[in-house]
Amino acid sequence: MPRVGLEKIKAVLLEDSEGIVLHLDEGMQRSIDAYTDPWGQDGKSPATPGQFRTALPLVDLPKVPVR
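With the first letter of the sequence shown counted as 1, position 61 gets the number 61 in my numbering; the numbers rise by one all the way through.
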């Protein structure tokens, strides 16, 4: 890939010298519209089956007599 300078990037993005800014904006909007929250819509129901499960199972520890 050839290297380009900052002036070339400014010309393409800010001045739309290659006429692609409209397509870039449309692609960005499609990405924004397709986004879904990975934590679920309401934050209460899990997005995946084990989302709200603890990492380790909780087990009772044996009782040790105190002296």
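Yeah, the Cβ is synthetic: ideal placement off N, Cα and C, and Gly gets one too.
Here the structure is a predicted model, which is why all the values come from computation and not from measurement.
How many Å lie between residue i and residue j at the Cα?
i: residue 22; j: residue 9; result: 16 Å
i: residue 53; j: residue 35; result: 25 Å
i: residue 50; j: residue 7; result: 50 Å
i: residue 1; j: residue 32; result: 28 Å
i: residue 11; j: residue 20; result: 11 Å
i: residue 5; j: residue 37; result: 37 Å
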